[in-house]
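Remarks on the structure that follows.
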Amino acid sequence: MLLPQTKEREYRFRLALRMGLPIFALIIAFTSHTLVSNYNTLNTSFYIEAIALLFVSVYFILYLIYAGFNVKITDDVTKTFSREYLYNYLNKEIKNKKEYTLILLNIDNLHDINKMYGIKNGDKVLKKVVEWINSYMKNEGIENFPLGHIKGGDFILGLEGSKDKYSTILDLMCLKSNELKVDDIEIKFSGAITDTNYSQDLDYLIEHLFELQSKKKNLKNEDIINPNELEKIVIDSLSKRSFTLMEQDVYEGNKSVFKEAFIRLNAANGKIIHPKSYRKVLNKLSLGVDFDLMVIEEIITKYADKQRYAINIFPTSLRNDKFLTKLKELLKEYNNSKIILILSEMEYYSFIKRYNSIIDSLRKMDVWIAIDRLGSIHTSFLYLRELEIDIVRFDTYYSNDKKLQKNLSIIEGFQTMAQEKGVKTWMKNIENKESLAMAQKIGINYIQGKVLSNLELER
0 MLLPQTKERE
10 YRFRLALRMG
20 LPIFALIIAF
30 TSHTLVSNYN
40 TLNTSFYIEA
50 IALLFVSVYF
60 ILYLIYAGFN
70 VKITDDVTKT
80 FSREYLYNYL
90 NKEIKNKKEY
100 TLILLNIDNL
110 HDINKMYGIK
120 NGDKVLKKVV
130 EWINSYMKNE
140 GIENFPLGHI
150 KGGDFILGLE
160 GSKDKYSTIL
170 DLMCLKSNEL
180 KVDDIEIKFS
190 GAITDTNYSQ
200 DLDYLIEHLF
210 ELQSKKKNLK
220 NEDIINPNEL
230 EKIVIDSLSK
240 RSFTLMEQDV
250 YEGNKSVFKE
260 AFIRLNAANG
270 KIIHPKSYRK
280 VLNKLSLGVD
290 FDLMVIEEII
300 TKYADKQRYA
310 INIFPTSLRN
320 DKFLTKLKEL
330 LKEYNNSKII
340 LILSEMEYYS
350 FIKRYNSIID
360 SLRKMDVWIA
370 IDRLGSIHTS
380 FLYLRELEID
390 IVRFDTYYSN
400 DKKLQKNLSI
410 IEGFQTMAQE
420 KGVKTWMKNI
430 ENKESLAMAQ
440 KIGINYIQGK
450 VLSNLELER
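Take the sequence shown: its letter number 139 is residue 138 in numbering that gives the first Met the number 0, and every next letter is one higher.
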């Protein structure tokens, strides 16, 4: 027997003894008084009854103590149902109800909270999250529902009816949880839902909930690739020229005047690598020039004779002799090609005369130069002021109509500065009619977004 079990038995025995002593004392006092007062008239049955009463009292007290420990209804920390009691309760509910729904609610980062803030704060988070769940469900008109603590940050909630009735409530709860904090501790919250249409067996239902939760986490992490594997994929994609070109129209007024190209690398294992992942690797491996040449050659030779294409390139490529030589050769060979080179960099390039000389040589070949992320990084403002460019594009921070309204004076200031220099302005990610109307009112020259045109696969 383990030491905790031994100590628990000792504790229970001492507790039973303390509870039983007053009763034993009362029985002994009553028996003694009866014996002294009625010694001559007592029947033998009295002695038998007294002994039986003593034994029954001892048994009853011990039973209450041990049974009370064995049947535990609530969890000590969260005050929700304990796992054992919840399982018994839900089994009865599933048996008696025609349709029944189970919801798994999980604090995904509880382990990190315990590690960073201590176990006591972890317990506090569990309590507060339970209170928040109860409050949220009450606001939805749902009260007196079974909620139990399964393990760690996992809770099971039971509701009568099919899951279709509660799926929206769960989705909104998970969205609302983004605002949930406990003493400035951020809570990462997720959920899964199933019902008795899947199975009538509680164990199967709970296993299914954890499978659904695992699938959701895998979907969220599907783009996370081991760094070594990612480098191999990028190198392999470049060597095989394996990529997908997407495009989106950019409008001036009601007319599409050019398209922006978006590149995704295709891995041999079927994975798709997006720019936010592969551009870091290209920088690290010094493959930016090779990548930009591959994309530009594809666009110039296949598409840019039909309509002008805007392409994001590394600013270092534009200042690279190998890149410039190859680009100019392509432009001379395909002299009807029209492209826009979009540049964005965090560090300011101080040799402005050389930069302007390069830009001027390309503009003479009908290449437009655009500077990206105006209003977000200081280099874009400096380049607008010092470089001979054609277009400046605002950072996507300003694309929302609320941000446009809030930063109206900043945008109008940049707009005026651009106009005075003969530079046109461009705003992307315009997703609704309100943002579109405001951008047009400000006088943005080029507008791009789903409200005007969807992102499409180039065929």
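Think of the CB as a built atom: it goes at the ideal place given N, C-alpha and C, for glycine as much as any other residue.
The structure displayed is predicted, hence computed values, not measured ones.
By the Cβ-count criterion, Arg17 is exposed, with fewer than 16 other Cβ atoms from all chains shown falling within 10 Å of its own Cβ. By DSSP's assignment, Gly157 forms a beta bridge with Leu101. Only residues of its own chain outside the window of five on either side were considered, and among them Ile186 have a CB closer than 7 Å to the CB of Lys180, listed in chain order.
Taking C-beta atoms as the reference points, Ile310 and Ile339 count as a pair closer than 8 Å. Taken atom to atom, the span from the alpha-carbon of Lys427 to that of Ser398 is near 7 Å. DSSP, read as helix, strand or coil, puts Gly287 in helix. An exposed status is given to Glu206, since fewer than 16 other beta-carbon atoms sit within 10 Å of its beta-carbon.
Going by DSSP, Val249 is part of the beta strand (DSSP E) stretching over 242-251. Considering only Ile298, Asn108, Val450, the residue with the shortest C-alpha distance to Ile429 is Val450.
Ile232 is a Cβ neighbour of Ala266, given a cutoff of 8 Å. The continuous beta strand (DSSP E) containing Ser189 extends over residues 188-194. In terms of CA proximity to Ser161, Leu101 leads the group Leu101, His148, Asn143, Asp111.
Between the C-alpha atoms of Asp400 and Leu342 there is a straight-line separation of about 25 Å. Sequence-distant partners of Lys321 (beyond 5 residues in either direction) whose C-beta falls short of 7 Å from its own C-beta, in its chain, are Val288. Inclusion of Gly147 and Ser81 in the CB contact set at 8 Å is warranted, their separation being smaller than that value. Per DSSP, Thr79 lies in no alpha helix (DSSP H) and is assigned neither H nor E. Secondary structure in the region 256-302: the alpha helix (DSSP H) runs of 4 residues or longer, each lying completely within the stretch, are 274-283, 287-301 in chain order.
Per DSSP, reduced to three states, the secondary structure at Glu178 is helical.
Within the model, the alpha-carbon separation for Ala260 versus Thr77 is close to 53 Å.
With a 10 Å radius around the Cβ and a threshold of 16 neighbouring Cβ atoms, Tyr58 comes out exposed. Membership of Val128 in the alpha helix (DSSP H) is indicated by the continuous run 118-138.
Burial state of Ile409 is exposed, judged by a 10 Å Cβ sphere holding fewer than 16 other Cβ atoms. In the displayed model, Leu454 falls within coil according to three-state DSSP, outside both helix and strand. Here the alpha carbons of Ile446 and Leu373 stand approximately 15 Å from one another. By the criterion of at least three beta-carbon pairs nearer than 8 Å, the region 412-424 is in contact with the region 373-383. If you check the CB distance, Val422 and Asp394 do not come in under 8 Å. By the C-beta criterion, the region 268-279 is judged to be in contact with the region 233-245, since at least 3 inter-stretch pairs fall below 8 Å. Asp320 sits in a helix when the DSSP states are folded into three classes. Sequence-distant partners of Ile271 (beyond 5 residues in either direction) whose C-beta falls short of 7 Å from its own C-beta, in its chain, are Arg263, Asn265. In the DSSP assignment, Asn311 falls within the unbroken beta strand (DSSP E) covering 308-311. The region 194-203 and the region 120-136 do not touch, with fewer than three beta-carbon pairs separated by less than 8 Å.
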